[in-house]
Amino acid sequence: MHNSKLLNLWRCFSTKQIKRLGDFIHSPFFNKQEELILLFDYLKKYAPAFKRKKALDKELVFAAVFPNTPYNAKQLSYHMSNLVKLSERFIIICHLEKDEIAQNSYLIKQYNDWNLEKKHINTLKELSRLLTQMPYRHAEYYYEQYCLAELATFSFTRQHKRQHSEGVQEAIDNLDVFYLSKKLSYTCEMMNRQSMTTGTYEVLFLQEILQHLANNSYEEHPCITIYHKILMMLQDSDSEIHFNQLKNLLNEFAHLFPAIEARTLYTYAINYTIKKINQGATHYQWQLFQLYLEVLNKKIIFDNGQLSPWTYKNIISIALRLKEYDWTANFINDYKEYLEPSVQENAVTYNMAYLKFYQQQYDDALVLLQQVEFSDVYYSLDSRALLSKIYYELNETDLLYSHIHAFKAYLRRNKFISEYVKEIYFNLIEFMRQLEKIDEQSKDKLYELQQTIENTKKIADLAWLRQKVQDKISLYLKNNWSNRA
50 MHNSKLLNLW RCFSTKQIKR LGDFIHSPFF NKQEELILLF DYLKKYAPAF KRKKALDKEL
110 VFAAVFPNTP YNAKQLSYHM SNLVKLSERF IIICHLEKDE IAQNSYLIKQ YNDWNLEKKH
170 INTLKELSRL LTQMPYRHAE YYYEQYCLAE LATFSFTRQH KRQHSEGVQE AIDNLDVFYL
230 SKKLSYTCEM MNRQSMTTGT YEVLFLQEIL QHLANNSYEE HPCITIYHKI LMMLQDSDSE
290 IHFNQLKNLL NEFAHLFPAI EARTLYTYAI NYTIKKINQG ATHYQWQLFQ LYLEVLNKKI
350 IFDNGQLSPW TYKNIISIAL RLKEYDWTAN FINDYKEYLE PSVQENAVTY NMAYLKFYQQ
410 QYDDALVLLQ QVEFSDVYYS LDSRALLSKI YYELNETDLL YSHIHAFKAY LRRNKFISEY
470 VKEIYFNLIE FMRQLEKIDE QSKDKLYELQ QTIENTKKIA DLAWLRQKVQ DKISLYLKNN
530 WSNRA
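Just so you know, we're using the working numbering here: the sequence shown kicks off at 50 and counts up by one.
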C-alpha cells in the first residue's frame with residue numbers, strides 16, 4: 050500500500066488540503082459509502098508523509114476498516130480506487146472554486162437551457178466584467194473573450210432574431226487573435242527544441258500566416274507581435290534588429306503576461322544572446338547580464354518560488370565573464386535558498402568552483418569540482434568543460450589528454466544532445482588539445498590556429514579559448530622582443 054496510487058496522490062496534498070478532503074469525503078452529498086469514511090479516517094493519521102510503513106500494511110488497514118472480517122485484497126483495492134476518484138473530484142472542485150470565469154460560463158449555459166433570460170443576461174454581464182478585470186492580455190484572455198462572445202451569440206441565435214449580431218464578429222476576431230498567438234508560440238517552441246535536441250517538426254500554414262502578418266498590423270495585440278518577433282529572431286539570427294525590437298517589446302509589455310509566460314518570452318531573448326556569445330559576439334555578454342537583471346528585478350525568474358539550477362548557473366557564468374566577482378559571490382549565497390533542495394548542494398559547489406576558476410584559484414576549483422555529481426546533461430557538459438580548462442591552466446598535460454578522450458566519447462554516445470551543442474563542445478576540447486601541443490615559439494602555428502578559431506566560432510566558451518591563444522602569442526612576442534633587446 051505504501052506505493053499505491055492513493056497514497057502517492059495524497060503525498061502531494063498539504064496538511065490543510067488533507068483536512069478539507071476529509072470534510073469532502075464526510076459529506077453525504079459527495080460520498081455515501083461509510084467504508085470510504087472509515088478508510089480515510091484511518092489513513093489520514095499518517096498523511097501526508099505516510100512514513101510509517103508497518104501501520105500501512107494492507108492487512109492492518111483492512112482490519113481497521115472491516116473488523117472481524119477475513120482479509121480481502123480485492124475489496125480493499127476497490128475502496129482505495131474509489132478514494133482516488135473522490136480525491137480527483139475534490140481537486141477539480143477546488144480548482145473550479147477559484148475560477149470565477151469558468152463558474153459563470155457554466156451558469157450562462159444552464160440559464161440559457163432553462164430559458165431564464167434575465168439571469169442569463171446578468172451572468173453574461175458579470176462574466177464580461179470579470180474578463181475586463183483580468184490583468185493579462187495573453188492568448189488565453191482572447192480565448193475567454195471568444196467563449197463569451199460565442200455564449201452571447203448562441204443565446205441570440207436561440208431567440209431566432211433576424212438582425213445583425215456584434216457577437217459573431219467579436220467571436221471570430223478574438224478566436225483569430227488566440228489562434229495566431231498560439232500558433233506562433235508553438236512554432237517558436239518547435240524551432241527552439243530543434244536547436245537543442247534531435248527531431249523535426251512540421252508547421253502547417255506557417256508561410257501563409259507570416260504573409261498575413263507582413264500585410265497586417267497587430268500592434269494592439271502584444272501576444273501576437275512578441276511571438277512574431279521571436280520567430281523572426283529565430284529564423285534570421287544573423288540580424289540584430291529583431292533581437293533589439295524584442296527587447297523593447299518585452300520591456301514595454303511583459304507585465305501583460307503571467308509570470309511563467311513572461312519568463313518564457315525572456316528566455317528566448319536570453320538564449321539568443323547566449324548563442325551569439327558562443328559564436329564570438331562578446332558584446333552580447335553585457336546584453337545577457339542586463340536581461341538577467343531584468344527578470345530578477347521583475348521577479349519573473351522564479352517558478353513556484355524556485356530558481357532553476359540552469360538559470361542559476363547561467364547568471365553566474367555571465368557575471369564571471371564580466372569579472373563581477375563580488376556580485377557573483379553574493380548571488381551564489383543569496384539565491385541558493387531558491388534552488389530545489391535536492392540540487393542545492395551540487396549547484397552551489399559547482400558554481401563556487403567556477404568562481405574559484407575565474408579568480409585563478411585552480412587547485413581550490415579542482416577540489417570543489419570533484420565533489421560535484423550531476424545527472425542533468427547540461428550541467429554535466431559544463432562540468433566536464435570546466436575540468437578540461439582547469440587541467441590546461443595547471444599544465445596537467447596527461448590528465449588533460451585523458452579527460453578530452455573521455456569527454457569526446459561522452460559526446461558521441463549521448464543521443465539526447467543536439468548536433469549543435471555537440472559541435473561547440475567538440476570544437477572547444479579539440480582546439481584546446483591543439484593549443485596545448487603548440488610551443489609558444491611556433492608563431493605560424495599559433496596564428497594559424499587563431500585564424501581557424503575565428504573562422505569556426507561555434508565553440509563553447511570561445512572568449513576563454515581566444516584569450517588562451519592570445520596569451521601564447523603575447524608570450525612569443527615578449528620573448529622575441531627580449532631576445533632582440
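For every residue, glycine included, the Cβ atom is placed at its ideal position computed from N, Cα and C.
Close beta carbons around residue i, own chain, < 8 Å, minus the five adjacent residues each side
{"i": "Ser63", "result": "Pro97"}
{"i": "Tyr317", "result": "Cys237, Asn241, Ile279, Met282, Leu283 and Leu295"}
{"i": "Ala534", "result": "At Ala534, the pLDDT of 49 sits below 50, so the modelled position is not reliable and the matter cannot be decided from this model."}
{"i": "Leu514", "result": "Leu477, Phe480, Met481, Leu484, Ile502 and Ile508"}
{"i": "Asn131", "result": "Gln82 and Leu85"}
{"i": "Asn80", "result": "Phe73, Ile74, Ile86 and Leu135"}
{"i": "Trp376", "result": "Ala368"}
Where residue i falls: helix, strand or coil (DSSP)
{"i": "Ala534", "result": "In this prediction, Ala534 scores a pLDDT of 49, lower than 50, which makes its location untrustworthy; the coordinate-derived value is nonetheless stated afterwards. It is coil, neither helix nor strand."}
{"i": "Gln256", "result": "helix"}
{"i": "Asp352", "result": "strand"}
{"i": "Gly216", "result": "helix"}
{"i": "Glu389", "result": "coil"}
{"i": "Asn264", "result": "helix"}
{"i": "Met240", "result": "helix"}
{"i": "Ser76", "result": "coil"}
{"i": "Thr322", "result": "helix"}
{"i": "Gln499", "result": "helix"}
{"i": "Lys506", "result": "coil"}
{"i": "Met401", "result": "helix"}
{"i": "Asp488", "result": "coil"}
{"i": "Met129", "result": "helix"}
{"i": "Glu373", "result": "coil"}
{"i": "Gln82", "result": "coil"}
{"i": "Tyr525", "result": "helix"}
{"i": "Asn117", "result": "coil"}
{"i": "Pro358", "result": "helix"}
{"i": "Met481", "result": "helix"}
{"i": "Cys196", "result": "helix"}
{"i": "His51", "result": "coil"}
{"i": "Lys347", "result": "coil"}
{"i": "Arg515", "result": "helix"}
{"i": "Cys143", "result": "helix"}
{"i": "Gly71", "result": "helix"}
Cutoff 7 Å; reference residue i; Cβ partners in own chain excluding five residues on either side
{"i": "Lys506", "result": "Gln328 and Gly329"}
{"i": "Tyr525", "result": "Glu489, Gln490, Lys492 and Leu495"}
{"i": "Thr202", "result": "Ser214, Gly216, Val217 and Ala220"}
{"i": "Phe139", "result": "Leu70 and Phe73"}
{"i": "Val344", "result": "Arg312, Tyr315 and Ile350"}
{"i": "Ala104", "result": "Tyr95"}
{"i": "Ala198", "result": "Gly216, Glu219, Ala220 and Asn223"}
{"i": "Thr331", "result": "Ala512"}
Distance between beta carbons of residue j and residue i, contact taken as under 8 Å
{"i": "Leu371", "j": "Trp335", "result": "7 Å"}
{"i": "Leu449", "j": "Tyr440", "result": "4 Å"}
{"i": "Tyr361", "j": "Tyr341", "result": "About 10 Å separates the two Cβ atoms, so there is no contact after all."}
{"i": "Val110", "j": "Met50", "result": "6 Å"}
{"i": "Thr398", "j": "Leu417", "result": "5 Å"}
{"i": "Pro307", "j": "His187", "result": "7 Å"}
{"i": "Leu298", "j": "Ile319", "result": "Actually they do not touch by this definition, with Cβ atoms about 15 Å apart."}
{"i": "Asn400", "j": "Ile381", "result": "5 Å"}
{"i": "Tyr195", "j": "Asn223", "result": "4 Å"}
{"i": "Ile365", "j": "Phe338", "result": "Wrong, their Cβ atoms sit about 11 Å apart, outside the cutoff."}
{"i": "His128", "j": "Leu176", "result": "Contact doesn't hold; Cβ gap of about 40 Å is too wide."}
{"i": "Leu404", "j": "Ala434", "result": "Not a contact, Cβ separation roughly 16 Å."}
{"i": "Lys231", "j": "Ala303", "result": "Rounded, the Cβ-Cβ distance is 18 Å, inconsistent with contact."}
Contact set for residue i: own chain, Cβ-Cβ below 6 Å, skip 5 residues either direction
{"i": "Tyr407", "result": "Leu369"}
{"i": "Val421", "result": "Asn395, Thr398, Tyr399 and Ser432"}
{"i": "Thr446", "result": "none"}
{"i": "Val133", "result": "Lys54 and Leu55"}
{"i": "Phe292", "result": "Met282 and Tyr321"}
{"i": "Ala455", "result": "none"}
Check: Where in the stretch 416-469 do unbroken runs of the alpha helix (DSSP H), each at least 4 residues long, occur, reported from the N-terminal end onward?
Finding: 426-442 and 446-462
Next item on the list: Taking only runs that begin and end inside the stretch 266-314, name each unbroken beta strand (DSSP E) of 3 or more residues, in chain order.
Entry: none
Item checked: 4-residue-minimum alpha helix (DSSP H) runs that sit fully inside the stretch 148-193, ordered along the chain -> Those alpha helix (DSSP H) runs which fall completely within the stretch 148-193 and span 4+ residues are 149-162 and 166-181.
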